[in-house]
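Scroll down for the structure; my scribbles are underneath it.
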Amino acid sequence: MDKSDIPQGTLDLLILKVAALGPIHGYAIAQRLQQVSRDVLQVQQGSLYPALHRLENKGFLAAEWRESDTGREAKFYRLTAKGKKQLKTEADNWDRLIEAVGLVMKMPGGEGV
Amino acid sequence: MNWLGRLVHKKRLEGQLQKELQEHLERQIADFMRAGLSDQDARRKALLQFGGVEQVKEQCRDARRTRWAESTLQDLRFAARTLRKSPGFAIAAICTLALGIGANTAIFSVINGVILRPLPYRDPGRLVAVEEQLHHSGENFAFSYPDFLDVQRASTSFQSIAAYRNSGLNVTSPGEPAYVHSRQVSAGFLAVLGVNPVLGREFRPEEDQRDAAPVAMIGYSLWQERFGGNPKAIGARLMGSGNAYTIIGILPANFRFNGDRQVLTPIGQNDTIATQKRDMYSGIEAVARLKPGVTVDRANSELKAIGIRLAREYPETNSRMTFGAEPLKRQVIGDIGPTLFLLAGAVGLVLLIACANVANLFLARSLSRTREFSIRAALGAGRGRMVRQLLTESVLLGLIGGTAGVLLAGAATGWALRHLPDWLPRTQDVHVDGRVLLFAVAISVITGIIFGLVPAIRDRFDVETALRQGSRGTSPGVRRLQSSFVVAELALALVLLTGSGLMMRTILQLWAVNPGFDPHNLLTMTVTVSPQAIRSPALMRTAWKQSLERVRSTPGVQAAALDSVVPMSSDTQSVAYWTSAETTPPKNAPTAWTYTPSPGYLRTMKIPLLRGRFFTEQDRVGSQPVVVIDETLAKRVFPGQDPVGKALSIQLMGRVRIIGVVGAIKHQSLDEDASAPPEPALYVPFLQFPDEFMALTTNGMNLLVRTSTSPISVIQAVKQSVLGPTRDQPVRDIATMEQMMGDSMARRRGMLFLLAIFAGVALALASIGIYSVISYATSRRVQEIGVRMALGAQPIQVVRLFMTQGLRMALIGIAAGIAASFALMRLMIKLLYGVSPADPITFSAVALLLCVIACAAIYVPARRAARVDPMIALRYE
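As they're listed, the protein sequences go chains A and B.
Heads up, the first sequence is in the numbering used here, so the first residue is 1 and it goes up one at a time.
Heads up, the second sequence is in the numbering used here, so the first residue is 114 and it goes up one at a time.
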């Protein structure tokens with residue numbers, strides 16, 4: 001199975017979803033995305049950070065520096081109340097999109113294109 | 114972290130960013146090594162998977178969205194640095210801008226305080242001034258008190274309405290005896306305005322009655338001075354003009370309404386004829402609050418209906434009267450609007466000149482910075498980025514100049530309001546508030562953009578030619594631009610000079626007007642009689658007579674007289690008159706200015722007696738009622754006849770005999786013949802004042818004193834004479850007649866003062882402008898001058914070269930200025946007197962003045978250029 005690039009704009013949704021499980025640092029988010037998507041989704045790991053910072057600056061995520069398992073300080077992201085609301089809206093949008101795309105794909109004909 | 118935090122804590126964020134990415138990579142490497150890769154391979158693979166670290170960092174910085182602010186800050190820092198490097202330029206530009214922006218801010222703060230700000234009362238949009246009016250002309254009158262009460266009872270448009278009448282009290286205790294300006298007001302006066310006393314309460318309707326016990330409200334400063342701010346002042350006594358007032362309320366410190374009055378008493382307790390007669394209009398005015406949703410128009414039509422009803426009910430007194438209302442703010446502001454907007458226009462011109470001057474400085478400087486900009490262009494700076502840099506510099510200059518300007522404006526307005534003659538309403542509302550600051554910031558930024566755009570647009574940052582040309586040489590385009598700025602500056606300066614020239618001619622013309630009396634060595638003041646005397650009319654007459662005799666025997670006094678109204682003051686007094694014995698109906702009866710002088714008045718004022726005689730001590734109560742008329746009335750009523758011996762009927766006085774005709778005088782101001790034909794006047798002897806009128810003189814009569822020396826020098830002696838043996842007759846409002854004449858032209862003098870300052874600034878800026886352009890031109894052509902002189906040119910020829918160039922600009926500027934003045938001076942026509950807005954004397958004088966100053970400003974740098982040593986000039990680069 002080929003690896004796929006993440007559809008545009010979806011990275012934010014995925015990050016919010018992962019952060020919803022509890023405070024987590026950037027590396028762990030990257031690992032989690034890879035594991036959960038069974039390596040299907042290919043995230044250029046660096047591009048995670050601009051997205052994280054954007055979400056933080058918009059107030060969807062709150063960040064805190066604290067000691068991690070390595071004994072060094074790491075930046076932990078946590079979903080805010082505002083972020084929770086955003087996650088819900090985006091998840092709903094996503095569901096509707098999937099459904100709509102699915103309906104279109106089930107149309108007869110064009111299978112062989 | 115919010116946006117501002119991200120901007121301010123940039124360093125910390127950078128550190129955190131570095132640490133966060135580092136942590137990611139460390140963990141990745143550790144994981145790869147745990148999976149069996151070597152240290153080197155793990156590191157390479159981690160970096161590969163991560164992508165470009167620097168790119169990621171840049172994207173993270175973008176996510177902060179502070180980039181534009183950062184580069185603006187960078188521009189600002191750079192601009193500040195370049196300005197510091199050329200302090201001469203920066204100081205010249207900042208001072209010029211401070212003058213221009215300061216003058217505009219000052220005038221705007223006045224317009225803001227006087228015209229734009231709402232009146233300082235609750236819901237001021239619903240406040241109206243209600244007036245009694247002559248219904249054929251709409252001319253405003255004071256209210257007669259019975260009419261006011263009828264309007265108060267009948268009207269339904271007003272939530273509340275109150276009357277007020279200015280008066281005065283000789284306060285004798287507590288504290289030092291002194292005259293205090295007071296006001297008689299209706300119950301509920303403060304409620305109309307929506308003002309609450311700081312302590313106590315205001316008058317109740319039952320206190321606003323003839324026989325009620327005397328009560329008073331006092332002003333905050335009187336409370337502080339005479340009661341030490343003690344709250345026990347409520348219920349305490351205030352002795353004023355022989356009455357013991359119980360204090361029931363204290364006014365707020367900042368409360369002002371039509372001036373500052375420190376004692377209020379109920380108008381209903383006034384039992385003189387001032388409030389009793391329906392045809393007595395003794396300075397009572399009214400203010401009302403409209404019911405919500407009621408318009409001024411509706412109130413007006415209701416008032417007109419009441420006027421018609423009262424005219425039917427009281428035909429003898431009311432047939433020519435009606436009532437009207439106008440927004441209170443309009444009454445307070447009066448007709449000052451056009452004058453202020455004229456001033457705003459004048460300072461606008463000053464700002465334009467300042468702009469042109471700074472733009473010229475900027476242009477000259479940008480030329481010498483051509484190399485710098487070319488290099489930056491060569492290094493890859495875009496044109497937009499460089500224009501932005503130039504604009505940042507000019508806006509920064511504008512803001513610094515604006516800050517200095519606001520400080521200047523604040524100080525200058527404060528000083529001017531304290532020291533200039535009183536010619537503005539609402540001065541207590543003039544200060545620098547948020548709106549004024551916003552205005553100042555806006556014009557600073559706009560100014561900065563305007564003068565900054567000129568060089569920015571001109572510069573094409575043509576790398577190649579610029580580098581080749583170096584910093585020398587000048588393009589004809591730049592010279593033309595500079596010259597047109599100078600031409601515009603000179604033209605604008607000429608407009609302002611013409612304006613102040615016309616104003617000055619007006620004032621000179623006014624001083625030359627013959628007022629009909631001799632204003633030199635004439636002293637005026639208001640005097641009262643002892644509270645002991647006001648018990649009976651007879652006592653009062655004696656007290657007045659004794660005061661006058663004491664003054665007459667004072668050294669330095671030639672003559673003295675009493676009068677109810679002094680010419681050149683704002684007081685007015687007029688009555689209706691009839692030539693027939695039939696005094697009804699008084700509808701449309703003509704009125705005349707009325708003076709009630711004592712004998713000796715004519716000698717004191719030096720008004721010429723044309724026919725018959727003036728009053729003597731024998732014309733008193735009980736003798737035949739007499740009157741003296743002025744020549745205007747004589748001509749109007751008895752054309753071609755001798756009025757002496759004829760009879761005249763006068764409102765409130767009845768049938769009287771004319772005993773003399775005197776010369777006409779100016780009543781309120783020297784320019785009154787400009788707006789209307791001369792108004793007739795009649796003189797009623799004070800000594801024939803009936804008993805019921807004597808109570809009206811309690812507040813004071815005007816004393817006129819003709820002195821043999823400077824009037825100022827006898828003030829003290831006259832004061833002592835009036836004060837009397839009982840020392841309870843204080844004197845107030847002392848002024849020489851010349852001061853009063855000056856005050857009667859206060860608005861014009863204020864205008865002249867301000868226009869002269871603005872014109873002076875404009876002249877200075879324009880001459881600096883022309884000076885710097887010629888200096889610049891000479892400095893650019895040093896080599897050429899050197900060559901010319903080496904080839905035998907004389908210094909005079911070099912001077913002539915630059916003089917010709919400069920004078921051409923000056924003459925074009927002057928011509929343009931004259932044309933503009935010709936069109937603009939018509940706006941001033943209402944302020945002018947005895948001089949045409951196209952006055953050739955003024956026009957040629959200011960043109961000559963500007964020409965001379967321009968010549969001087971050109972000559973200095975031209976002369977310097979002619980003195981250069983050819984050898985040095987040729988080597989100069």
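Virtual Cβ for every residue (Gly too), placed ideally from N, Cα, C.
By DSSP, does residue i sit in helix, in strand, or in coil?
i: GLU183 (chain B); result: helix
i: SER821 (chain B); result: coil
i: SER395 (chain B); result: coil
i: TRP691 (chain B); result: strand
i: LYS779 (chain B); result: coil
i: ILE363 (chain B); result: strand
i: SER273 (chain B); result: strand
i: TYR234 (chain B); result: coil
i: PHE60 (chain A); result: coil
i: SER885 (chain B); result: helix
i: MET814 (chain B); result: strand
i: ASP952 (chain B); result: coil
i: ASP631 (chain B); result: coil
i: GLY586 (chain B); result: For GLY586 (chain B), the predicted model reports a pLDDT of 49, less than 50, meaning its position is unreliable; a value from the coordinates is still stated below. DSSP places GLY586 (chain B) in coil when its eight states are reduced to three.
i: PHE256 (chain B); result: strand
i: TRP706 (chain B); result: strand
i: GLU283 (chain B); result: In the sequence under discussion, the amino acid at residue 283 (chain B) is Asn, which differs from the Glu named in the question. Three-state DSSP puts ASN283 (chain B) in a strand.
i: LYS75 (chain A); result: strand
i: TRP624 (chain B); result: helix
Figure out for me which residue from the options has the closest Cα to the Cα of residue i.
i: ILE204 (chain B); options: B:GLY905, B:VAL471, B:ALA808; result: B:VAL471
i: ALA216 (chain B); options: B:GLN187, B:GLY461, B:ASN309; result: B:GLY461
i: GLY629 (chain B); options: B:LYS779, B:ILE847, B:LYS198; result: B:LYS779
i: VAL835 (chain B); options: B:LEU474, B:ASP188, B:ALA494, B:MET638; result: B:MET638
i: SER280 (chain B); options: B:ALA219, B:GLN382, B:GLY307, B:LEU210; result: B:GLN382
i: ILE870 (chain B); options: B:GLN141, B:MET617, B:ILE488; result: B:MET617
i: LEU945 (chain B); options: B:LYS198, B:GLY767, B:ALA787; result: B:ALA787
i: ILE419 (chain B); options: B:GLU244, B:ILE771, B:ARG496; result: B:GLU244
i: GLN737 (chain B); options: B:PHE751, B:TYR714, B:ILE772; result: B:ILE772
i: GLU602 (chain B); options: B:ALA193, B:GLN754, B:VAL886; result: B:VAL886
i: PRO793 (chain B); options: B:PHE866, B:TYR708, B:LYS943; result: B:TYR708
i: GLU897 (chain B); options: B:ILE971, B:LEU940, B:ARG988; result: B:ARG988
Excluding five sequence neighbours on each side, which residues of the same chain lie with their C-beta closer than 8 angstroms to the C-beta of residue i?
i: THR655 (chain B); result: ALA646
i: CYS173 (chain B); result: LEU130
i: LEU212 (chain B); result: VAL463, ALA467, GLY518, LEU521, VAL874, LEU878
i: LEU453 (chain B); result: ILE220, VAL223, ILE224, VAL227, ILE228
i: ILE909 (chain B); result: ALA979
i: LEU809 (chain B); result: THR385, ILE386, ALA387, SER395
Would you decide whether residue i is buried or exposed? Buried here means 16 or more other CB atoms lie within 10 Å of its CB.
i: ILE985 (chain B); result: exposed
i: MET854 (chain B); result: buried
i: ALA991 (chain B); result: Since the displayed chain B opens at 114 and closes at 990, residue 991 (chain B) lies outside it and no answer follows.
i: GLN168 (chain B); result: exposed
i: GLY450 (chain B); result: exposed
i: PRO824 (chain B); result: buried
Spatial neighbours of residue i within its chain, please: C-beta separation below 6 angstroms, excluding the five flanking residues on both sides.
i: ALA689 (chain B); result: PRO699, ALA702, THR704, GLN764
i: VAL995 (chain B); result: Since the first residue shown for chain B is 114 and the last is 990, residue 995 (chain B) is missing from the structure and cannot be characterised.
i: ASN431 (chain B); result: LEU423, ALA424
i: PRO798 (chain B); result: PHE728, ASP732
i: GLU56 (chain A); result: ALA63
i: LEU232 (chain B); result: LYS442
i: PHE340 (chain B); result: ALA346
i: PRO318 (chain B); result: ALA300
i: ILE925 (chain B); result: VAL600
Once the 5 residues before and after residue i are set aside, which same chain residues still bring their CB inside 7 angstroms of it?
i: GLY313 (chain B); result: ILE347, ILE361, GLY362, ILE363
i: GLY342 (chain B); result: TRP336
(message) Closer than 8 angstroms is the cut-off here; do at least three beta carbon pairs connect the stretch 802-809 of chain B with the stretch 601-611 of chain B?
(response) The stretch 802-809 of chain B makes no contact with the stretch 601-611 of chain B, as fewer than three CB pairs between them are under 8 angstroms.
(request) Report yes or no: do three or more beta-carbon pairs, one from the stretch 87-99 of chain A and one from the stretch 6-23 of chain A, lie closer than 8 angstroms? (result) Contact holds between the stretch 87-99 of chain A and the stretch 6-23 of chain A, because three or more Cβ pairs, one in each stretch, are under 8 angstroms apart.
(request) Mind the definition here: the stretch 839-857 of chain B touches the stretch 669-682 of chain B only if three or more C-beta pairs lie below 8 angstroms; say whether that holds. (result) yes
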